Amino acid sequence: MTRRNPLFPYVYRFGQPVFDRLFYHRYRRAALSNASGRLLMLGLGPGTDLRFLPPAVTSVAAVEPEAPFRRMASRLADRHGITVDILEGTGESIPFPDNSFDSVHVGLVLCSVDDVTATLVEIRRVLTPGGRLVVLEHVRGEGMTGRLQDLIRKPW
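Numbered according to our numbering, the sequence shown spans residues 1011 to 1166.
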């Protein structure tokens, strides 16, 4: 994994609630409503998506490369009474055996992996046959929105 700005987890954690209230809460809930069974959350970040787990999910594991995010997610899970096994790792090398999960959730993370193709290969490996990939992603906007995104992205 490419070395990231060590401040990113903290800036993201404090800026994220604004974007969530304005845009993402409904999208997070909608995306996760498609998850069921044993769920892997890839790139858990501060754990925001844990709050939107549907009843059909029977167990949760997560992979997150950033230690500050793992700590934030663990605290959030504890506060909400959510049991989750959070491991250090990256999308390119998921630390679970083949066919381990019925669902894999990727939320706003593909922009942060070093190798998208390797990450997708790993996701396929850990999904059971017929398993479900649940995706919530973002792309660069057009016009002024895109230019604003470019400015925000530069420090990271």
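Glycine included, C-beta positions come from ideal geometry on N, C-alpha and C. This one's a predicted model, so the numbers in the text were calculated from it and none came from an experiment.
CB T1138 to CB G1101, shorter than 8 Å?
T1138 is not a Cβ neighbour of G1101, given a cutoff of 8 Å.
Three-state secondary structure (DSSP) of V1119:
Shown here, V1119 sits in coil according to DSSP, grouped into three states, outside any helix or strand.
Exposed or buried, which one is P1105 when buried takes at least 16 other CB atoms within 10 Å?
It counts as exposed.
Specify the secondary structure class of V1144 as computed by DSSP and reduced to three states.
If DSSP states are grouped into helix, strand and coil, V1144 belongs with the strands.
Can you have a look at P1107 and say buried or exposed, based on whether 16 or more other CB atoms are within 10 angstroms of its CB?
Classification of P1107: exposed, given that the 10 Å Cβ count is below 16.
Which of the three DSSP states is assigned to I1096 in this structure?
If DSSP states are grouped into helix, strand and coil, I1096 belongs with the strands.
Indicate whether the contact test is met: 3 or more Cβ pairs, each with one atom in the segment 1112–1122 and one in the segment 1042–1056, closer than 8 Å.
Touching, yes.
Check whether A1083 and E1074 have beta carbons under 8 Å apart
Cβ atoms of A1083 and E1074: closer than 8 Å.
By DSSP's criteria, M1051 is part of a beta bridge. Which residues make up the other side?
Answer is A1072, H1115, bridged to M1051.
Unbroken alpha helix (DSSP H) run spanning I1133, endpoints:
First-last of the alpha helix (DSSP H) with I1133: 1126–1136.
State the DSSP-derived secondary structure class of P1016, mapped to helix, strand or coil.
P1016 falls in the coil class under three-state DSSP.
Give me the Cβ distance between V1123 and A1041, rounded to the nearest whole Å; I'm assuming they're in contact under 8 Å.
Between V1123 and A1041, the beta carbon gap of about 18 Å keeps them out of contact (Cβ cut-off 8 Å).
W1166 to V1114, Cα distance in whole Å?
For W1166, the predicted model reports a pLDDT of 46, less than 50, meaning its position is unreliable; a value from the coordinates is still stated below. Straight-line Cα distance between these residues: approximately 26 Å.
S1110 (DSSP reduced to helix, strand or coil)
It is coil, neither helix nor strand.
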